[in-house]
Amino acid sequence: MKKWKWTYILIVSLLLVLAGCGNDEKASGSKGDKQGEVTLKIGASSTPHAEILEYIKPNLEKEGVKLDIVIINDGIQTNEQTANGELDANYFQHTPYLNQVNKDSGLDLVNVIGVHIEPFGVYSKKIQSIKELSKGAKVAVPKDPVNFSRALLLFARNGLIEMKNNQSADGNYTIQDITKNDKKLKFVGIDGPLLIRSLDDFEASAINTNYALEGGFNPTKDALIIEDSRSPYVNILVAKKERKDDESIQKLAKALTLEKVKKFIEDRYKGAVVPAF
């Protein structure tokens with residue numbers, strides 16, 4: 131009788147342990163809603179990045195990958211969250227910006243695939259032509275080093291200032307690199323998300339296309355000057371180096387560069403966003 135009693139206790143104990151293991155497995159696999167299905171948490175700017183991700187959602191779900199899209203407004207924080215695993219990947223930036231953040235913050239994030247270019251433009255509520263910029267005009271530009279440099283390059287390539295090398299795209303230009311500024315333009319660094327609001331206080335503002343679109347502008351019609359198709363600033367899908375080749379990340383990369391996505395970008399954004407694949 132004792133023997134059967136202890137056998138019973140051992141069986142019950144074993145079942146409880148197995149049940150516990152099952153619960154732990156379910157918790158540790160919280161990124162999978164069904165067997166074999168994976169959920170990727172992706173940080174993205176609302177326009178156009180999140181819109182493009184929303185478009186490819188149905189395709190990805192057929193491949194067993196669900197997207198949890200998180201709208202972001204702080205690039206450095208988003209890269210840090212990707213590096214520490216809070217996000218599986220992000221989609222909002224170009225390579226020069228990523229390189230600068232990696233350098234400044236000691237991160238090791240990598241480019242998974244290039245998706246699109248957002249031609250960078252200059253906008254104004256006060257003038258109708260870039261030639262109308264007054265002498266000594268204050269111009270708002272993004273304050274992060276890479277986009278600050280990008281803005282200076284745009285002004286240089288349109289003959290408004292001269293710099294040491296107007297063709298460089300290394301992200302290192304500063305005010306000190308301007309060699310000629312006949313109009314004595316004053317470039318003021320502003321946080322990217324605030325550039326649209328800066329139009330009320332500045333004669334002109336250099337604004338990233340995603341912010342311009344969010345502000346209701348049509349870049350191809352409303353920009354006083356804008357980058358052309360030679361822009362080296364391709365927006366990319368970014369992940370940790372060790373996760374770049376994950377099957378789910380690669381499925382996302384493939385879905386972002388389908389022919390139907392190219393058509394979606396061309397039809398929806400009318401040249402304000404240009405496919406880079």
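Each number in this note's numbering comes from the position in the sequence shown (counting from 1) with 130 added on.
For every residue, glycine included, the Cβ atom is placed at its ideal position computed from N, Cα and C.
Note that the structure is predicted; figures quoted are calculated from it, not measured.
Return yes when the Cβ of residue j is within less than 8 Å of the Cβ of residue i, no when it is not.
i      : j      : result
VAL368 : THR212 : yes
ALA219 : ILE379 : yes
LEU217 : LYS256 : no
HIS246 : VAL404 : yes
PHE394 : TYR185 : yes
VAL200 : GLY173 : yes
GLY322 : ASN338 : yes
PHE407 : LYS392 : yes
ASN277 : SER235 : no
LEU324 : ILE182 : no
ARG287 : TYR363 : no
Can you round the beta-carbon distance between residue i and residue j to whole angstroms, since I take them to be within the 8 Å contact cut?
i      : j      : result
ALA267 : LYS313 : 7 Å
PHE332 : VAL269 : 6 Å
PRO349 : ILE355 : Not confirmed; about 11 Å, so no contact.
TYR253 : LEU329 : 6 Å
ILE320 : PRO275 : Wrong, their Cβ atoms sit about 14 Å apart, outside the cutoff.
MET293 : LEU282 : 6 Å
GLY205 : TYR227 : 7 Å
THR177 : ASN365 : About 12 Å separates the two Cβ atoms, so there is no contact after all.
ALA342 : GLY251 : 6 Å
VAL240 : ALA383 : About 12 Å separates the two Cβ atoms, so there is no contact after all.
Which partner residues does residue i have in the DSSP bridge list?
i      : result
LYS381 : Paired residue(s): none; LYS381 is not in a bridge.
ASP198 : LYS171
ASN365 : HIS224, HIS246
PRO405 : HIS246
LYS374 : According to DSSP, LYS374 bridges with nothing at all.
LYS310 : GLU292
ILE305 : DSSP lists no partner for ILE305.
ILE355 : VAL252
Classify residue i as helix, strand or coil using the three-state DSSP reduction.
i      : result
ILE186 : helix
ILE346 : Sequence inspection shows Gly at residue 346; the Ile mentioned does not correspond to that position. If DSSP states are grouped into helix, strand and coil, GLY346 belongs with coil.
LYS156 : Reliability fails at LYS156, whose pLDDT of 34 lies under 50, so the model's placement of it is uncertain and the value that follows must be treated cautiously. LYS156: helix per DSSP, three-state reduction.
THR192 : In the sequence as presented, Thr is not what sits at residue 192; that position holds Lys. Helix.
VAL391 : helix
GLU292 : strand
GLY322 : helix
PHE317 : strand
GLU396 : helix
ALA334 : strand
THR339 : helix
ARG360 : coil
LEU282 : helix
LEU386 : helix
List in chain order: all unbroken beta strand (DSSP E) runs of 3+ residues lying wholly within the region 214-274.
219-224, 239-247, 251-253, 268-272
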